[in-house]
Amino acid sequence: MKKAEIKNLSAGDLQNKLAEAKAEFTKMKLAHKISPLENPIQIRDLRKTIARLNTELTNKQ
161 MKKAEIKNLS AGDLQNKLAE AKAEFTKMKL AHKISPLENP IQIRDLRKTI
211 ARLNTELTNK Q
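If you want our numbering, it's the 1-based position in the sequence shown plus 160.
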């Protein structure tokens, strides 16, 4: 997600997106340990998206 997209979300939406992103991150890390992902950069990008969501959620509260 882009920074501009994240700024337009409400606090409730941010929490929902954050929960989804964390679940996807956990699933992706597990899948990568079992058999390497075709594009492991996705893990890093998802981790950064989670950080952006956390930052914006903290700013809104």
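We put the CB at the ideal spot given by N, CA and C, even for glycine.
All figures in this text were calculated on a predicted structure; none of them were measured in a lab.
Report buried or exposed for leucine 174, applying the criterion of at least 16 other Cβ atoms within 10 angstroms of its Cβ. Stepping through the sequence shown from its first residue, residue 174 is reached at position 14. Looking at its Cβ environment, which holds 16 or more other Cβ atoms inside 10 Å, leucine 174 is buried.
Reference lysine 162; option with closest CA among Glu184, Leu206 and Lys193: Within the sequence shown, residue 162 is the residue found at index 2, counting from 1. The shortest Cα separation from lysine 162 among Glu184, Leu206 and Lys193 belongs to Leu206.
Please classify glutamate 198: does DSSP put it in a helix, a strand, or coil? The residue given as residue 198 occupies position 38 in the sequence shown. It is coil, neither helix nor strand.
Suppose the cutoff is 8 Å on Cβ atoms and the five residues either side in sequence are ignored; what does the same chain contact list for leucine 169 look like? Here residue 169 refers to the residue found at position 9 when the sequence shown is read from its first residue. Cβ neighbours of leucine 169 beyond the five flanking positions: Lys177 and Glu216.
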